[in-house]
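*Asks:* Protein chains in written order, with the working numbering: chain A, 1 to 254; chain B, 1 to 289.
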Amino acid sequence: MVAPTVKLAVRDLRIAYGEEEAVSGISLDVHANEIFGIIGPAGSGKTSFLRALNRMEMFNDDMHVSGEIVFGGRDISDIRNVYALRQKIGVVFPLPVGLPMSVYDNVALSPRLRGVKNKAALDEIVERCLTRAALWDEVKDRLKALGSLLSGGQQQRLTIARALSQDPELLLLDEFSIAVDPVTTMRIEDVLRELKEEVTIILVTNLVQQARRLADRTAFFLSGELVEVAETEVLFTGEVKDQRTRDYVEGRFG
Amino acid sequence: MFEATNLNRRNHQIQWLFKVLFGMMTLILIVPVALILGVLVAKGGPAISMEFLFSMPRNGLTEGGILPALIGTMWLVGVALLASVPVGIAAAIYLSEYAPDNWLTRGINLAIINLAGVPSIVHALFGVGAFVVFAGFGASILAASLTLAVMTLPVVIVATRESLQAVPMAFREACWNMGATRWQTIRIVVLPNSVSGILTGIILEVSRTAGETAPIMFTGAAMFLPFLPQGVLDQTMALSMHLFVISNSIPGMSEEFKYGTALVLISLVLLMNALSISFRVYLRGKKKW
């Protein structure tokens with residue numbers, strides 16, 4: 001078996017908010033073109049982990065990150081051009097954020113930020129991303145409507161479309177299906193399976209079954225520590241190293 | 001199963017009591033406003049005429065009109081706005097969007113709020129020292145307007161900061177996450193969604209500036225000038241000052257003139273407020289989230 005390409009390498013990552021440590025020394029590798037699931041109960045550091053990947057600590061004076069995150073061959077804490085870093089990483093947070101501008105502008109925003117001005121090119125990106133996010137059919141006749149006035153589920157797919165419009169190498173999904181109905185969730189899951197041909201995806205989810213359906217490998221976080229990471233099927237059905245993992249995936253706590 | 005229990009009835013009575021209580025307080029609030037307006041219209045209304053509004057005062061202010069005061073107030077307000085709005089908005093954007101949340105920023109914010117509470121006569125003395133004497137503008141529209149600008153700056157800053165902070169943080173984060181700079185985020189998401197609040201703050205400032213007397217008394221407003229101001233280094237008459245003068249210092253001033261002047265001043269202020277309110281209603285209709 002060929003050793004997989006490592007897309008993202010995290011070493012001894014520690015994240016603290018003020019005095020309180022949210023992530024206490026996590027090390028893991030994410031392989032190229034896989035869906036990497038992260039499960040764990042509330043407060044286990046999943047979201048903080050994602051935020052650190054995007055250097056969001058720059059916007060929160062309270063948040064302190066140490067350790068090493070290597071992405072694109074660089075330790076991201078050394079990257080001065082954080083804008084280019086963030087552009088390469090698409091993020092979808094739990095609550096949908098339709099920006100208060102038209103549906104079209106929502107999706108065209110990122111291309112415009114990186115200098116795409118050509119109308120035809122923008123049209124193409126908007127249609128492609130909305131189609132991929134399973135939203136095109138519903139909004140193609142009202143691209144000028146305000147993104148923030150779509151329904152919750154539609155806004156979440158708009159958020160996904162916007163993340164895709166960045167043409168990201170890494171896609172971070174944090175509980176993306178909280179505000180989405182089950183049918184749409186399934187459609188988005190199908191999209192994610194196709195997307196991983198081009199993009200590496202990190203999927204944080206409270207729905208352990210979602211991780212099981214989607215993820216190639218899954219990590220179990222607990223209280224800011226990585227309990228274990230394994231092939232998803234192994235984690236769910238095979239021999240786990242830690243009894244807490246078994247208890248969690250079988251719903252005995254969390 | 002839906003019969004009212006004693007507890008239900010009691011809760012309902014208490015609820016009714018509070019409703020009436022709060023309603024009465026609102027009434028008490030409205031009465032003085034209505035009385036002031038009523039008296040002004042009744043006593044000052046007859047004085048209002050084209051001649052009153054658009055001619056120069058004559059015969060020791062006891063005859064003629066209030067044109068120079070009306071024009072002067074517009075000068076003062078206009079120049080004060082030019083000075084305070086750009087500075088205030090820029091400072092508010094810095095404090096809200098850029099400044100780190102530390103003791104220094106919190107201290108500055110506290111200072112700004114306190115500045116809003118400084119009595120206007122203190123601002124007046126500051127204006128005399130800083131603008132009339134030190135900067136060498138003399139008693140002039142420029143000195144008076146800058147004094148007004150310093151006085152109203154906190155209002156602009158606080159109003160702007162509050163409207164900026166009313167824009168949900170999630171919008172900013174979504175934008176930052178896409179690789180937008182702070183300025184791009186401010187331009188694309190934050191400002192377009194806070195502009196209504198900022199404008200409302202500015203209009204409120206206008207009405208406040210128009211009514212102030214103390215800050216302009218020593219810095220550029222004159223009791224009587226037989227000409228209209230030609231530039232910012234001229235002295236000027238002003239409505240508020242004019243009202244003060246004719247109410248206090250001119251024997252034999254007709255009551256009608258006093259009330260008429262007050263009516264014009266308050267109408268100007270109410271007009272500004274009405275503009276502000278209708279603008280806010282219009283923009284709220286376009287509320288985007």
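Cβ atoms here follow ideal geometry from the backbone N, Cα and C, with glycine treated the same way.
Grouping DSSP H, G and I as helix and E and B as strand, with all else coil, what is residue 219(B)?
*Replies:* Shown here, residue 219(B) sits in coil according to DSSP, grouped into three states, outside any helix or strand.
*Asks:* The beta strand (DSSP E) that contains residue 17(A), what's its start and end?
*Replies:* 6-17
*Asks:* What runs of the alpha helix (DSSP H), each 4 residues or longer, lie entirely inside the segment 76-130 of chain B?
*Replies:* 103-116, 120-127
*Asks:* Taking just the CA atoms, how far does residue 131(B) sit from residue 138(B)?
*Replies:* 7 angstroms
*Asks:* List, from N- to C-terminal side, the alpha helix (DSSP H) runs of 4 residues or more that fit wholly inside the segment 22-95 of chain A.
*Replies:* 46-53, 82-88
*Asks:* On the DSSP bridge list, what partners appear for residue 64(B)?
*Replies:* 57(B)
*Asks:* Using a cut-off of 9 angstroms between C-beta atoms, extract the partners of residue 86(A) located in chain B.
*Replies:* 176, 177, 178, 179, 180
*Asks:* Compare the beta carbon distance of residue 211(A) and residue 232(A) with 8 angstroms and say whether it is the shorter of the two.
*Replies:* In this structure, residue 211(A) sits near residue 232(A), with a CB-CB distance shorter than 8 angstroms.
*Asks:* Classify residue 210(B) as buried or exposed, calling it buried when 16 or more other Cβ atoms lie within 10 Å of its own Cβ.
*Replies:* buried
*Asks:* Which residues in the same chain as residue 168(A) place their Cβ atom closer than 8 angstroms to its Cβ, once the five residues preceding and following it in sequence are excluded?
*Replies:* 87, 88, 89, 90, 199
*Asks:* Taking Cβ positions only, does residue 190(B) come closer than 8 angstroms to chain A?
*Replies:* no
*Asks:* Just the Cα atoms here: how many angstroms apart are residue 142(A) and residue 207(A)?
*Replies:* Their Cα atoms are separated by approximately 33 angstroms.
*Asks:* Whole angstroms is fine: what's the gap from residue 58(B)'s alpha carbon to residue 259(B)'s?
*Replies:* 18 angstroms
*Asks:* Tell me residue 200(A)'s beta-bridge partners as DSSP assigns them.
*Replies:* In DSSP, residue 200(A) forms a bridge with 170(A).
*Asks:* In chain B, which residues lie with their C-beta within 8 angstroms of the C-beta of residue 61(A)?
*Replies:* 100, 101, 102
*Asks:* Nearest to residue 134(A) by CA position, among 124(A), 120(A), 12(A), 153(A), is which residue?
*Replies:* Out of 124(A), 120(A), 12(A), 153(A), 153(A) has the C-alpha closest to the C-alpha of residue 134(A).
*Asks:* Consider the Cβ of residue 83(A): report whether some Cβ of chain B lies at a distance smaller than 8 angstroms.
*Replies:* yes
*Asks:* Should residue 166(B) be flagged as near chain A, meaning a C-beta pair shorter than 8 angstroms?
*Replies:* no
*Asks:* Between 60(B), 91(B), 78(B), 39(B), which lies nearest to residue 252(B) when the distance is taken from Cα to Cα?
*Replies:* 60(B)
*Asks:* In chain order, what residues of the same chain have a beta carbon less than 7 angstroms from the beta carbon of residue 325(B), not counting five sequence neighbours either side?
*Replies:* The structure shown has nothing for residue 325(B), since chain B only spans 1 to 289.
*Asks:* For residue 174(B), collect the residues of the same chain with a Cβ closer than 7 angstroms to its Cβ; drop the 5 residues on either side in sequence, then sort them by chain order.
*Replies:* Same-chain partners within the cutoff: there are none.
*Asks:* Mind checking if residue 143(B) is an interface residue toward chain A, Cβ cutoff 8 angstroms exclusive?
*Replies:* no
*Asks:* Residues of chain A with a CB under 7 angstroms from the CB of residue 193(B): which are they?
*Replies:* 100
*Asks:* What residue does the alpha helix (DSSP H) around residue 173(B) start on, and which one ends it?
*Replies:* In the DSSP annotation of this structure, the continuous segment of the alpha helix (DSSP H) that includes residue 173(B) starts and ends at 169-177.
*Asks:* Please state the DSSP three-state secondary structure of residue 228(A).
*Replies:* strand
*Asks:* Would you mind giving the Cβ-Cβ distance between residue 254(B) and residue 62(B), rounded to the nearest angstrom? I have them listed as a contact below 8 angstroms.
*Replies:* 7 angstroms
*Asks:* Taking the alpha-carbon positions, what's the residue 47(A) to residue 201(A) distance?
*Replies:* 15 angstroms
*Asks:* Note down, in chain order, every chain B residue with its Cβ under 9 angstroms from the Cβ of residue 154(A).
*Replies:* Correct list: empty, because the minimum Cβ distance to chain B is about 14 angstroms.
*Asks:* Less than 8 angstroms between the beta carbons of residue 132(A) and residue 183(A), yes or no?
*Replies:* In this structure, residue 183(A) does not lie closer than 8 angstroms to residue 132(A) by Cβ.
*Asks:* Taking DSSP's pairing of strands, which residues face residue 146(A) in a bridge?
*Replies:* 102(A)
*Asks:* Which chain A residues sit within Cβ distance under 7 angstroms of residue 137(B)?
*Replies:* Neighbours of residue 137(B) across chain A, judged by C-beta separation under 7 angstroms, do not exist; the nearest C-beta is about 42 angstroms away.
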